[in-house]
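Colleague: In short: position in the sequence shown from 1, add 148, done, that's my numbering. Below you will find the structure I want to go over with you.
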Amino acid sequence: MSVLVTGGAGYIGSHVVRLLHQRSEPVLVVDGLSNGLRDRLGASQFLQLDLAAPNSKQALTDAIREHGVTSVIHLAAQKQVGVSVERPEFYYEQNIGGMSSLLSAMRDTGVDRLVFSSSAATYGIPDAEAVTEDSECHPINPYGETKLIGEWMGANAARSWGLRVANLRYFNVAGTGWPELADTAVMNLVPIVFSALKAGKSPIVFGDDYATPDGSCVRDYVHVHDLADAHLSALDYLERDERKHSTFNVGTGQGFSVFQVLAEIKRVTKIDFDIDIQPRRAGDPPYLCADVSRIKEELGWQSSRGLNEIIESAWSAIK
Ligand SMILES: NC(=O)c1ccc[n+]([C@@H]2O[C@H](COP(=O)([O-])OP(=O)(O)OC[C@H]3O[C@@H](n4cnc5c(N)ncnc54)[C@H](O)[C@@H]3O)[C@@H](O)[C@H]2O)c1
Numbered sequence: 149m150s151v152l153v154t155g156g157a158g159y160i161g162s163h164v165v166r167l168l169h170q171r172s173e174p175v176l177v178v179d180g181l182s183n184g185l186r187d188r189l190g191a192s193q194f195l196q197l198d199l200a201a202p203n204s205k206q207a208l209t210d211a212i213r214e215h216g217v218t219s220v221i222h223l224a225a226q227k228q229v230g231v232s233v234e235r236p237e238f239y240y241e242q243n244i245g246g247m248s249s250l251l252s253a254m255r256d257t258g259v260d261r262l263v264f265s266s267s268a269a270t271y272g273i274p275d276a277e278a279v280t281e282d283s284e285c286h287p288i289n290p291y292g293e294t295k296l297i298g299e300w301m302g303a304n305a306a307r308s309w310g311l312r313v314a315n316l317r318y319f320n321v322a323g324t325g326w327p328e329l330a331d332t333a334v335m336n337l338v339p340i341v342f343s344a345l346k347a348g349k350s351p352i353v354f355g356d357d358y359a360t361p362d363g364s365c366v367r368d369y370v371h372v373h374d375l376a377d378a379h380l381s382a383l384d385y386l387e388r389d390e391r392k393h394s395t396f397n398v399g400t401g402q403g404f405s406v407f408q409v410l411a412e413i414k415r416v417t418k419i420d421f422d423i424d425i426q427p428r429r430a431g432d433p434p435y436l437c438a439d440v441s442r443i444k445e446e447l448g449w450q451s452s453r454g455l456n457e458i459i460e461s462a463w464s465a466i467k
C-alpha cells in the first residue's frame with residue numbers, strides 16, 4: 149500500500165511527501181523535474197517521468213503495480229499563468245495530457261482514490277468577496293482552464309468507473325514548512341517582494357484604486373504546511389466518505405491586502421522599503437478569498453498558521 153505523489157519534487161508536493169513520511173506512509177514520487185528539485189525528496193522512492201510523454205501511461209501502470217499504489221495525490225502541472233497565455237497548447241498538452249495518462253493508468257490498475265491539485269484560478273473574477281465551491285467558475289486564462297478541465301475529467305471518471313476524487317482548490321500558497329523545501333520560483337507576491345528587496349529595488353504594487361479597504365487587491369494566503377496537511381485530510385476523507393466527487397476550497401477564510409502583506413514583510417525583515425505603485429494589471433480581481441466552511445465541516449481541516457508565520461518562514465529560508 150503506497151501513495152503515488154505526482155509533482156512531489158515541487159514546492160507544495162515536497163511538503164506533502166514530508167508529511168506522508170511523518171505518518172509512515174510509503175510514498176512513490178513521480179516527477180518530470182521540469183520545475184522540481186530531486187534534493188527535496190530525501191530517500192523517497194522516485195521515478196523521473198513526464199506524465200504527458202507518449203510512453204507515460206505504460207510507465208505509470210508499471211510503477212503503480214510495482215509499488216503497490218492504492219491512492220494518488222496529483223500535483224504535477226505547469227503553473228505559470230503568463231506562459232499559459234503565450235503557449236496554451238503546451239499547457240493543455242502538459243496538464244490535461246498528464247491528467248489523462250494518470251487517469252488511464254489508475255483505471256487499468258484499479259486505483260480509485262485521487263486528490264487533485266486544483267486552484268482558485270478556476271473561479272476567474274468572482275463577484276463576491278469570498279467564494280464558495282458552488283460559485284460559478286469562469287477561468288480567464290489557459291492555466292485556470294486546465295485546472296477546471298482536470299476537475300471535469302475526474303468527475304467523468306467518477307461517473308464512468310467509480311473513481312473517488314477530492315479536488316482541492318488552493319488559494320494563495322506561501323511560506324515554508326522546512327527551509328530546504330522553500331519556494332524557489334519567483335512568481336507569487338511574497339517571493340517577488342523578497343527578490344526585489346534582495347536586489348535593492350522597490351516592490352511593485354499593481355493598482356491602488358480597487359474597491360477594497362486600502363485600494364490594493366485582497367487575497368487569502370494559506371501556509372504551505374497547512375495546505376500539505378489538507379491533502380492528508382483529503383486522503384482520509386476518501387477512505388471514509390461515500391461520495392465520489394467533491395471539491396474543497398483550501399484557504400484561511402481571511403483576506404489580506406497587498407499593502408497589509410507588505411507591512412508585515414517590513415515588520416519581519418526590518419527593511420524599510422518604498423513601494424512602486426503601477427497601474428492595475430488585466431485579470432486581477434479585487435478580492436479572491438475562500439469561504440472555507442465546507443472543508444472545515446467535511447474534512448475537519450482548518451489552517452492554523454497565520455500571515456506572520458508565512459512571512460517569517462519564507463524569509464528565514466532565504467536570508
Ligand atoms: N503555488 C501555488 O500558489 C498554487 C496555487 C494553486 C494551485 N497550485 C497547483 O499546485 C500544484 C503544485 O504547485 P507548486 O507550486 O508546488 O509547483 P511546482 O512547479 O513547484 O511543482 C510542480 C511539480 O510538478 C512537476 N511537473 C510539472 N509538469 C509535469 C509533468 N507533465 N509530468 C511530471 N511532472 C511534472 C514539476 O517538475 C514540479 O516538480 C500544481 O498543480 C499547481 O497548479 C499551486
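We treat Cβ as the ideally placed atom computed from N, Cα and C, and that holds for glycine. None of the values given here were measured: they were computed from a predicted structure.
Could you spell out where the beta strand (DSSP E) holding Val177 opens and where it closes?
Modeller: Segment 175-179, the beta strand (DSSP E) holding Val177.
Colleague: Within 10 Å of its beta-carbon, does Val151 have 16 or more other beta-carbons around it, so buried, or fewer, so exposed?
Modeller: With 16 or more other Cβ atoms within 10 Å, it is buried.
Colleague: Helix, strand or coil: which one does DSSP assign to Gln193?
Modeller: Gln193: strand per DSSP, three-state reduction.
Colleague: With DSSP as the reference, label Asn183 as helix, strand or coil.
Modeller: Note: Asn183 maps to coil in three-state DSSP.
Colleague: Considering only residues of the same chain and omitting the five flanking positions on each side of Val334, which have a CB-CB separation below 6 Å?
Modeller: Within the same chain, Val334 has close Cβ partners Ile340, Ser343.
Colleague: Count the other CB atoms, across all protein chains shown, that sit within 10 Å of the CB of His286; report buried if there are 16 or more and exposed otherwise.
Modeller: By the 10 Å Cβ count, His286 comes out exposed.
Colleague: Using only the alpha-carbon positions, how far apart do Glu387 and Val263 sit?
Modeller: Each residue's alpha carbon lies about 12 Å from the other.
Colleague: Could you pull out every residue in the same chain whose Cβ sits closer than 8 Å to the Cβ of Asn336, ignoring the five residues on either side in sequence?
Modeller: For Asn336, where only same-chain residues beyond five positions count, the Cβ hits under 8 Å are Asn320, Val321, Ala322.
Colleague: Let me check understanding here. Comparing Cα to Cα, which of Ala376, Ser464, Ile425, Ser364 lies closest to Gly403?
Modeller: Closest option to Gly403, Cα to Cα, is Ser364.
Colleague: Using a threshold of 8 Å, is the CB atom of Lys295 nearer than that to any non-hydrogen atom of ligand 1?
Modeller: Yes, the Cβ of Lys295 comes within 8 Å of a heavy atom of ligand 1.
Colleague: Using CA coordinates, which residue listed in Thr209, Glu390, Ala200, Thr332 is at the minimum distance from Asn243?
Modeller: Among Thr209, Glu390, Ala200, Thr332, the Cα nearest to that of Asn243 belongs to Ala200.
Colleague: How far does the beta strand (DSSP E) with Ala438 in it reach, from first residue to last?
Modeller: Taken as a continuous stretch (DSSP letters only), the beta strand (DSSP E) holding Ala438 covers 435-438.
Colleague: Closest by CA to Asp541, which one among Ser162, Tyr239, Gln206, Asp331?
Modeller: The question about residue 541 has no answer, for the chain in this structure spans 149 to 467.
Colleague: In three-state DSSP terms, what is Val334?
Modeller: Of the three classes helix, strand and coil, the one that applies to Val334 here is coil, per DSSP.
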